[in-house]
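Colleague: One structure follows; several queries about it will come next.
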DNA sequence: AAATCGGGGCG
DNA sequence: CGCCCAGATTT
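Residue numbers (our numbering): 4 to 298.
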């Protein structure tokens, strides 16, 4: 028996699913390649790479036997190049330790380099039909909105909550379609900005839709905004040859340490004449005839 | 829990 | 320019 959510989702998927080449195979090797390429990479960007990759390396042995340089060359432009190195390394491990046959248990797949919880679940469901829910950025967004989760979606505790709910929703017989449907829904309907709730199959029971929270969910854990800091140091030399330093009293990582006298600004532009004058007035130093050049 | 890893598309 | 993308790994 399937829930209203799963039922509506799968019915929508029947007619609205994206037509993508890695959906046409159950070959764990090809599904593995597609999942690695699509890690943090848009489908439109990864698609041509996938086609080139499986053309040049049609199976795990071909990949394992290729020189690493060639694998990296095919990866050129995709970024996150450790993915390509892990791919090559893992292909050789499968060749040597698994007799060329891709492993088919979750634990074994998860243990492979470059494969985390998401990719392991994707391979288990798409290649072997096993009921392991996938949890990626799309799924987090869809579920956080559907359930109205106000905790940050990328926190481990929240992911556990979402995963528990997914485990109760995923149908054993159509686990692969369920996972694909969630990914497709997140990518084409439940968009990060301006989701298309009017065509969403589960909008009626969606908490975010009911309470108009689509723009607020999912909540992200706040990123500490990095501020640029610019330090302008003065080299002040006494006629007798001594050089002036001061001790930092500001409460930061350098508290108590010594430095040349300094003015901090939030731009990297050189100090204006007025700022330099202000510095000398505050400190009580004056500029001698052969002293600092002010411009 | 947060930083790091990249390149690209888009408003 | 900031955000986001079929995340994984290290600190």
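For glycine and all other residues, C-beta sits at the position ideal for the given N, C-alpha and C. Source: prediction; values computed, not measured.
#1: Just tell me which of 114, 283, 115, 187 has its CA closest to the CA of residue 142.
#2: How would you write the range of the beta strand (DSSP E) that residue 263 sits in, first residue to last?
#3: Quickly, what does DSSP pair residue 233 with across the bridge? List them, please.
#4: For residue 75, which residues of its own chain have a beta-carbon under 6 Å away from its beta-carbon, when the five flanking residues on both sides are left out?
#5: Note down the Cα distance separating residue 72 from residue 56, rounded to an integer number of angstroms.
#6: Express the C-alpha separation of residue 160 and residue 208 in angstroms, rounding to a whole number.
#7: Are the CB atoms of residue 115 and residue 96 nearer to each other than 9 Å?
#8: Is it right to say residue 217 is buried, meaning 16 or more other beta carbons lie within 10 angstroms of its own, or is it exposed?
#9: Identify every run of the alpha helix (DSSP H) within the region 31-69, keeping only runs that are complete inside it and at least 4 residues long; order them along the chain.
#10: Excluding the 5 residues flanking residue 278 on each side, which residues of the same chain have their C-beta closer than 6 Å to its C-beta?
#11: My understanding is that residue 147 touches residue 221, with C-beta atoms under 8 Å, so please give their C-beta distance in whole angstroms.
#12: Given 8 Å as the limit, is there contact between the region 123-141 and the region 29-48, that is, 3 or more CB pairs closer than that?
#13: Kindly confirm or deny that the region 150-168 and the region 106-114 touch, where touching means at least three C-beta pairs closer than 8 Å.
#14: Here's a check: name, in chain order, each residue in its chain whose Cβ is nearer than 8 Å to the Cβ of residue 21, leaving out the five neighbours to either side.
#15: Residues in its own chain within less than 7 Å of residue 9 by CB, not counting five upstream and five downstream?
#16: Is it the case that the Cβ atoms of residue 284 and residue 263 are separated by a distance below 9 Å?
#17: Among 238, 18, 282, 42, which has the Cα closest to the Cα of residue 120?
Modeller: Checking against the coordinates, here is how it stands:
#1: Translated into positions along the first chain, residue 142 becomes position 139. Among 114, 283, 115, 187, the Cα nearest to that of residue 142 is on 187.
#2: Against the first chain, residue 263 aligns to sequence position 260. Element bounds for residue 263: n/a, residue is neither H nor E.
#3: What you label residue 233 is simply residue 230 of the first chain in a count that begins at 1. The partner list for residue 233 (beta bridge, DSSP) reads 268.
#4: Here residue 75 corresponds to residue number 72 of the first chain, with the count starting at 1. Here the set comprises 87.
#5: The sequence position of residue 72 within the first chain is 69, counting from 1. The sequence position of residue 56 within the first chain is 53, counting from 1. Approximately 14 Å between the Cα atoms of the pair.
#6: Counting from 1 along the first chain, the entry for residue 208 is found at position 205. Counting from 1 along the first chain, the entry for residue 160 is found at position 157. Going by the C-alpha atoms only, they are around 24 Å apart.
#7: Taking the first residue of the first chain as position 1, residue 115 is located at position 112. Taking the first residue of the first chain as position 1, residue 96 is located at position 93. Yes, the pair counts as a contact, with Cβ atoms nearer than the cut-off.
#8: Translated into positions along the first chain, residue 217 becomes position 214. Result: buried.
#9: 31-40, 46-59, 63-68
#10: As a first step, residue 278 is located in the first chain; it is residue number 275 there, counting from the start. Closer than 6 Å at the Cβ level, and outside the excluded window around residue 278, lies no residue.
#11: As a working note, residue 147 is residue 144 in the first chain. As a working note, residue 221 is residue 218 in the first chain. Contact flag correct, Cβ pair sits at about 4 Å.
#12: yes
#13: no
#14: Within the first chain, the letter at position 18 stands for residue 21. Cβ within range, chain order: 46, 187, 190, 191.
#15: Counting from one through the first chain, the residue named residue 9 turns up at place 6. For residue 9, where only same-chain residues beyond five positions count, the Cβ hits under 7 Å are 172, 174, 181.
#16: In the first chain, residue 284 corresponds to position 281, counting from 1. In the first chain, residue 263 corresponds to position 260, counting from 1. Contact: no.
#17: Sequence index remark: in the first chain, residue 120 carries index 117 (1-based). The candidate whose alpha carbon is nearest that of residue 120 is 42.
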